[in-house]
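Encoded structure:
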């Protein structure tokens with residue numbers, strides 16, 4: 092009998108993978124709000140935004156964030172144009188190697 096529900100083992104593996112990937116990020120996020128006196132203690136003994144204020148006050152960090160945002164916008168615009176042109180070419184024409192090119196374009200999504 093066919094069921095639309097995923098098996099329990101698959102669900103556990105998926106949740107385990109998500110926890111494995113996100114647990115270190117959660118720990119870093121929690122410690123970002125920790126006080127200087129209790130920097131290496133667990134559980135965190137305080138809550139402060141001091142380090143965010145320090146980072147926001149440094150010009151070199153603000154310059155790096157601005158440069159990253161500019162590069163991200165430029166990369167998005169280039170990918171949008173190239174992706175649209177590639178999709179139009181693959182949709183409208185039949186040619187030798189079309190499936191291979193489609194696979195190469197979809198491969199980064201799978202990674």
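Residue numbers (the numbering used here): 92 to 202. Note that CB positions come from ideal geometry on N, CA and C, so glycine has one too. Just so it is clear, the structure is predicted and the values come from calculations on it, not from any experiment.
Looking only at C-alpha atoms, which of the options sits nearest to residue i?
| i | options | result |
| --- | --- | --- |
| residue 205 | 164, 124, 131 and 133 | The shown model of the chain, from 92 to 202, leaves out residue 205, and the question about it has no answer. |
| residue 171 | 149, 108 and 196 | 196 |
| residue 134 | 121, 101, 107 and 140 | 121 |
| residue 139 | 126, 151, 130 and 132 | 126 |
My understanding is that residue i touches residue j, with C-beta atoms under 8 Å, so please give their C-beta distance in whole angstroms.
| i | j | result |
| --- | --- | --- |
| residue 181 | residue 189 | 6 Å |
| task | Any chance you could list the beta strand (DSSP E) runs of at least 3 consecutive residues sitting entirely within the stretch 135-189, in chain order? | result | none
| Residue ranges of each beta strand (DSSP E) within the stretch 96-130, 3 or longer | none
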